[in-house]
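A.B. asks: Residue numbers (this note's numbering): 2 to 184.
1. Only counting the same chain, and skipping five residues up and downstream in sequence, which positions put a Cβ closer than 6 Å to that of residue 122?
2. Pick out whichever of 28, 62 and 102 has its Cα sitting closest to the Cα of residue 139.
3. Please classify residue 134 as buried or exposed, where buried requires at least 16 other C-beta atoms within 10 Å of its C-beta.
4. To which residues of the same chain is residue 76 closer than 6 Å at the C-beta, ignoring the five residues directly before and after it?
5. With H, G and I counted as helix, E and B as strand and the rest as coil, what does DSSP make of residue 20?
6. Assess contact between the segment 158-177 and the segment 31-41, defined as three or more Cβ pairs (one per stretch) separated by less than 8 Å. Is contact present?
7. Tell me which residue opens and which closes the alpha helix (DSSP H) that residue 73 is part of.
8. Would residue 167 be called buried (16 or more neighbouring beta carbons within 10 Å of its own) or exposed?
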């Protein structure tokens, strides 16, 4: 062991990110599964490709691609993307994100895509904090949940979002993903 170790940048290339991040699709055509939403001519694919993004709730089991899909929507639309977890965040963070989104909308005429993972964990008052910003179009809210949104997302917010059901990935989809990882 040396007395003074070299900084990481001088020691060689930066290690690759987590495997899950490296395997995420970068285009709609790379998405495995969810053909009922993302297949050619399907409703969500058409909205993404036309740039007509709208607030939505992505409801599906863990590992079905909610976070990946939200990130991909922002990438395809060329929109700013902010993601946070309802488990770790509150109204303070919502206000901060919305303030930044309002600046982006004024400066660049772009709406920010805000992905809230586990949106069902926010209480009713926290969910209400999104309403004026969704209505004004300051943000495109994408909520991810594993719970039935009819019971876990308040009616006011739910009425301003479309709900898309994501299916769990089956064996053929998992094999495809594993083969891509090996390549």
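Don't be surprised by glycine CBs; every beta carbon is placed ideally from N, CA and C.
C.D. replies: Put simply:
1. Counting from 1 along the chain shown, the entry for residue 122 is found at position 121. So the qualifying residues of the chain are 87 and 88.
2. Counting from one through the chain shown, the residue named residue 139 turns up at place 138. The shortest C-alpha separation from residue 139 is found at 102.
3. Taking the first residue of the chain shown as 1, we reach residue 134 at position 133. So residue 134 ends up on the buried side.
4. Here residue 76 corresponds to residue number 75 of the chain shown, with the count starting at 1. Correct list: empty, nothing qualifies.
5. Within the chain shown, numbered from 1, the residue matching residue 20 stands at position 19. If DSSP states are grouped into helix, strand and coil, residue 20 belongs with the helices.
6. yes
7. In the chain shown, the residue the question calls residue 73 occupies position 72. Looking at the DSSP string, the run of the alpha helix (DSSP H) that includes residue 73 is 67-78.
8. Within the chain shown, the letter at position 166 stands for residue 167. The residue is buried, with at least 16 neighbouring Cβ atoms inside 10 Å.
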